[in-house]
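Take a look at the structure set out below.
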């Protein structure tokens, strides 16, 4: 197999790529050769500069993934700009923290809608586009950004845990249904990464110390640590990999 990790000639769509993990994945895709579309609420100026510095094309799509309204438009705008789409990375997500005894319906619905419902319908729209494009062999790659809480319970994040556990299950069922159609569906479960979502944990001295004490690597993950796993699952190197949730966690789950 020549250059199995190359994404030359591919188009990747990454949601929630303004900063953090999504930005790192978008840049890694570009470094591997893909043109990149990113979709989210913010204008990803820094991400655009980093992608274009690799010589790849870049597209920014404004979309609020709190509801399914923009789903088809995001796919259509990507295809209109690049002629096709090959890779979908479902990274956009939110988290709400409160004791489960006090957790509100509004916080439950907001997280479940963004992290699970909209992800499903965007993935469905992507798969329909892939099948419409046709092609030989493995013709589409879907990467869901799951969580350690796809495996564990956590504390004070009931809707986030439910959504990420559901996303791991969704990854499996879609792999079951679509593998024979040439669409790979897998997920990555980041461990404790230095991002906006974990700022509260890192600012809590006791929680920060307890988390670091359990990570065999002895540090918080940096967004760039996720890029290699994402490129692997987006490339032909993973054509026979289906339905997995791959931890990238510094050894957390092995402890």
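Numbering (the numbering used here), first residue to last: 9 to 263. Glycine included, C-beta positions come from ideal geometry on N, C-alpha and C.
Environment of residue i [buried if 16+ CB atoms lie within 10 Å]
{"i": "residue 163", "result": "exposed"}
{"i": "residue 151", "result": "buried"}
{"i": "residue 140", "result": "exposed"}
{"i": "residue 64", "result": "buried"}
{"i": "residue 117", "result": "exposed"}
{"i": "residue 172", "result": "buried"}
{"i": "residue 12", "result": "exposed"}
Residue i - DSSP class collapsed to helix/strand/coil
{"i": "residue 43", "result": "strand"}
{"i": "residue 197", "result": "strand"}
{"i": "residue 70", "result": "strand"}
{"i": "residue 255", "result": "strand"}
{"i": "residue 20", "result": "strand"}
{"i": "residue 174", "result": "helix"}
{"i": "residue 48", "result": "strand"}
{"i": "residue 229", "result": "strand"}
{"i": "residue 165", "result": "coil"}
{"i": "residue 135", "result": "helix"}
{"i": "residue 88", "result": "helix"}
Whether residue i touches residue j by CB criterion (9 Å)
{"i": "residue 74", "j": "residue 122", "result": "yes"}
{"i": "residue 190", "j": "residue 148", "result": "yes"}
{"i": "residue 246", "j": "residue 211", "result": "no"}
{"i": "residue 56", "j": "residue 66", "result": "yes"}
{"i": "residue 197", "j": "residue 158", "result": "yes"}
{"i": "residue 228", "j": "residue 248", "result": "no"}
{"i": "residue 84", "j": "residue 19", "result": "no"}
Sheet register partners of residue i (DSSP bridge)
{"i": "residue 152", "result": "98 and 195"}
{"i": "residue 34", "result": "Residue 34 pairs with nothing; no bridge assigned."}
Cβ distance (whole Å) where residue i is taken to contact residue j below 8 Å
{"i": "residue 101", "j": "residue 48", "result": "That pair is no contact at about 11 Å."}
{"i": "residue 219", "j": "residue 29", "result": "Wrong, their Cβ atoms sit about 17 Å apart, outside the cutoff."}
{"i": "residue 68", "j": "residue 41", "result": "Going by Cβ atoms, the distance from residue 68 to residue 41 rounds to 20 Å, so no, they are not a contact pair."}
{"i": "residue 175", "j": "residue 195", "result": "7 Å"}
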